[in-house]
Amino acid sequence: MSQNPAPRVRFAPSPTGFLHVGGARTALFNWLYARSQGGTFILRIEDTDQQRSTEESYAAILRGLNWLGLDWDEGPHAGGDFGPYLQSERLDLYREHLDRLAAEDKVYKCFCTAEDLEAREKAVTDAGGVWEGYDRHCAHLSPEEIAVAEQAGKPCAWRLRTPDEGSTFWYDLIVDKREFQNTVLVDRVIVKADGFPTYQFACVVDDHLMGITHVLRGDDHVSNTPFQILIYQALGWPVPKFGHMPMILGPDRKRLSKRHGATSVEEFQTLGILPAAMLNYLALLGWSPGGNAKEVMSAQEIIKKFSLKKVGSSPAAFDYDKLNHINSEHIKNLSAVERLQLALPIITERGWGLDPDWMIHGCDGTEAYLGRVLGTLGNRFSSLITLPEQIGFFFTDEHFVDQEAWAGHVASDAARENLAALADALEAALDLAVAQPAGAFEEVIRTTAEARGVQAGDLIHPSRVALTGQSRSAGIFEVMELVGAPRTIRRLRAAAAAG
Ligand code: GLU
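For the sequence shown, the working numbering begins at 474 and goes up steadily by one.
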């Protein structure tokens with residue numbers, strides 16, 4: 474047998490909200506670890522909190538993981554030998570293990586109500602004391618006292634007996650040794666009065682039964698880990714390895730929250746972030762490939778380089794600008810076909826498409842046209858959000874206009890006269906019933922410039938703004954070819970008239 478069996482790791486979200494950046498990063502690091510080590514990535518849904526768990530959240534978490542491409546080997550819809558993978562379907566297993574702990578007197582029944590606890594806490598703090606979490610009121614009830622409480626129909630929870638002496642520690646995969654004195658550990662509830670296990674108990678039972686070797690999660694769980702280790706010990710089970718990832722901060726180095734901007738994975742999707750870019754950026758939140766290695770990477774490249782040793786122990790700040798930069802780099806790396814696939818829904822959503830009346834040279838349909846349009850952008854296609862602004866003029870007269878460019882290049886008498894003259898010349902020289910190639914536009918522009926005794930640029934610059942609304946574009950002859958002669962002439966005339 475090999476010394477280090479392939480790891481089994483899990484992402485264990487509670488379906489009580491959307492998949493946010495922190496959860497997605499936890500899922501990603503587990504996935505990367507599994508994929509880089511030939512291990513197994515398990516998805517387990519921790520839905521024992523009946524009040525807060527929702528179907529909607531469950532569906533959103535699955536959608537988020539799917540969007541990022543974090544496929545799980547075992548879990549909902551994937552099956553596996555250790556299911557069910559929804560905790561609400563595993564209640565018998567928790568009951569069975571509770572019974573064992575009860576038979577071994579490692580847990581005890583607690584009849585304290587929330588009001589009882591509040592009253593006692595108040596009494597302690599009013600007297601200047603410190604309430605440690607639970608005062609072990611029920612830890613030593615006699616069988617008679619228990620019988621009385623039960624006969625009175627009092628609901629009871631179960632608490633774990635925790636030791637008073639010594640310490641509980643583990644060697645964290647990310648933060649090194651963590652140690653807690655047992656005196657500070659509370660006899661927490663492991664099964665609630667409604668019969669449902671608490672997160673602590675269900676998590677340990679499942680991690681053990683599912684053969685989890687490494688528990689990688691956010692460091693908001695550090696305070697749960699010693700208690701969970703005590704549960705493992707009570708059950709006589711080996712303790713898995715733990716790694717706690719530092720939290721994600723906002724750019725102001727306060728805990729990342731809605732007030733910093735988007736935090737749920739699906740929000741980033743609507744902001745035009747590509748899943749590959751999101752995955753790449755999340756991987757860099759707390760991990761770095763080291764040295765001068767490039768940061769823009771595909772999932773496969775990240776898997777090859779990933780190592781837990783290179784996960785940092787200090788909090789990482791979420792940098793929206795860096796995410797956008799990585800996103801634009803990913804777009805630049807796409808093939809023409811991939812860009813087309815990405816852009817097509819964006820234009821169809823707006824009702825944009827090729828109109829045969831435009832008379833476009835060599836384009837027999839919207840896809841072919843869009844392919845040419847994207848070709849004119851080249852690497853200036855760097856964001857799905859700005860794309861409609863960049864290419865809108867190819868599809869509609871109601872496109873974005875840069876007012877500064879307009880004022881600088883179109884709004885003068887000389888420019889207006891040049892535009893009107895060019896419109897006339899194009900109309901006279903070109904057959905508007907057939908599509909025209911770029912060269913035909915070029916020829917008319919050059920002869921018109923010569924006839925008017927001006928530079929070609931004196932026609933080109935105002936034409937560019939009149940046609941595209943922008944002062945930067947692909948070569949103007951190609952732009953004219955793709956806008957088509959009828960619309961080109963119309964826009965030149967409109968600009969000449971409006972100035
Ligand atoms: N259900 C817990 C959460 O969503 C999982 C914690 C863990 O990974 O153990 O925070």
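Note that the Cβ used here is the ideal one computed from N, Cα and C, for glycine as well.
{"Check": "Terminal residues of the continuous alpha helix (DSSP H) containing E529?", "Outcome": "E528 to L541"}
{"Check": "If you draw a straight line from the C-alpha of A612 to the C-alpha of A533, how long is it?", "Outcome": "42 Å"}
{"Check": "Taking the CB atoms as reference points, tell me whether E562 and G553 lie closer together than 7 Å.", "Outcome": "no"}
{"Check": "Per the contact definition of three or more C-beta pairs closer than 8 Å, is the region 784-803 in contact with the region 846-856?", "Outcome": "yes"}
{"Check": "On the DSSP letters alone, give me the boundaries of the alpha helix (DSSP H) that L860 sits inside.", "Outcome": "L860 to F868"}
{"Check": "Measuring CB to CB, does I833 end up less than 7 Å from A913?", "Outcome": "no"}
{"Check": "What is the DSSP secondary structure of A969, counted as helix, strand or coil?", "Outcome": "helix"}
{"Check": "Is G639 buried or exposed, if buried means 16 or more other CB atoms sit within 10 Å of its CB?", "Outcome": "exposed"}
{"Check": "For A596, count the other beta carbons within 10 Å of its own beta carbon; 16 or more makes it buried, fewer makes it exposed. Which is it?", "Outcome": "exposed"}
{"Check": "Whole angstroms is fine: what's the gap from W604's alpha carbon to R593's?", "Outcome": "9 Å"}
{"Check": "If we count the other Cβ atoms within 10 Å of its Cβ and call it buried at 16 or more, is T961 buried or exposed?", "Outcome": "buried"}
{"Check": "Per DSSP, which residues does L689 bridge with? Please list them.", "Outcome": "G716"}
{"Check": "Comparing C-alpha positions only, which one of A898, A958, L729 and E890 sits nearest to H493?", "Outcome": "L729"}
{"Check": "Quick check on A587: buried or exposed, where buried means 16 or more other Cβ atoms within 10 Å of its Cβ?", "Outcome": "exposed"}
{"Check": "Decide if N806 is buried, meaning its Cβ has at least 16 other Cβ atoms within 10 Å, or exposed.", "Outcome": "exposed"}
{"Check": "For the pair the region 816-827 and the region 873-883, tell me if three or more CB-CB distances fall below 8 Å.", "Outcome": "no"}
{"Check": "Under the rule that 16 or more other beta-carbon atoms within 10 Å means buried, what is G930, buried or exposed?", "Outcome": "exposed"}
{"Check": "Tell me, to the nearest whole angstrom, how far the beta carbon of F669 is from that of V688; I am working on the premise that it is less than 8 Å.", "Outcome": "Not quite, the Cβ-Cβ distance comes to about 22 Å (not below 8 Å), so this is no contact."}
{"Check": "Taking 7 Å as the limit between beta carbons, can you name the residues of its chain near A894, skipping five residues before and five after?", "Outcome": "T921 and R925"}
{"Check": "When every heavy atom of ligand 1 is checked, does at least one fall within less than 6 Å of the C-beta of V612?", "Outcome": "In the sequence on display, residue 612 carries Ala and not Val. A612 Cβ: outside cutoff for every heavy atom of ligand 1."}
{"Check": "Helix, strand or coil for C583, going by three-state DSSP, please let me know.", "Outcome": "strand"}
{"Check": "Check each candidate in G684, M720 and F555 and name the one with the smallest Cα separation from H694.", "Outcome": "M720"}
{"Check": "Consult DSSP for V956 and reduce its assignment to one of helix, strand or coil.", "Outcome": "helix"}
{"Check": "Using three-state DSSP, classify V494 as helix, strand or coil.", "Outcome": "helix"}
{"Check": "Assign P748 to one of three DSSP states: helix, strand, or coil.", "Outcome": "helix"}
{"Check": "What is the DSSP secondary structure of A896, reduced to helix, strand or coil?", "Outcome": "helix"}
{"Check": "Can you tell which of V664, W504 and H610 has the C-alpha that lies nearest to the C-alpha of D589?", "Outcome": "H610"}
{"Check": "So, is Q560 buried or exposed, given that buried needs 16 or more other C-beta atoms within 10 angstroms?", "Outcome": "buried"}
{"Check": "For E915, which residues of its own chain have a beta-carbon under 7 Å away from its beta-carbon, when the five flanking residues on both sides are left out?", "Outcome": "F950"}
{"Check": "Helix, strand or coil for S475? Go by DSSP, reduced to three states.", "Outcome": "For S475, the pLDDT reaches just 49, beneath the cut-off of 50, and the residue's location in the model is therefore unreliable, although a value from the coordinates is still provided. Correct three-state label for S475: coil."}
{"Check": "Below 8 Å, can you find three or more Cβ-Cβ pairs linking the region 645-665 to the region 695-715?", "Outcome": "yes"}
{"Check": "Can you look up L722 in the DSSP assignment and give me helix, strand or coil?", "Outcome": "strand"}
{"Check": "Whose C-beta lies closer than 7 Å to the C-beta of R726 among residues of the same chain, with five residues either side of it excluded?", "Outcome": "A790"}
{"Check": "Rounding to the nearest angstrom, what Cα-Cα distance links V938 and G490 in this structure?", "Outcome": "47 Å"}
{"Check": "For my contact list, I515 and M770 are in at a C-beta cut-off of 8 Å; report their separation, rounded to the angstrom.", "Outcome": "The pair is not a contact, with the Cβ atoms about 25 Å apart (cut-off 8 Å)."}
{"Check": "Could you tell me the alpha carbon to alpha carbon distance between H882 and V917, rounded to whole angstroms?", "Outcome": "20 Å"}
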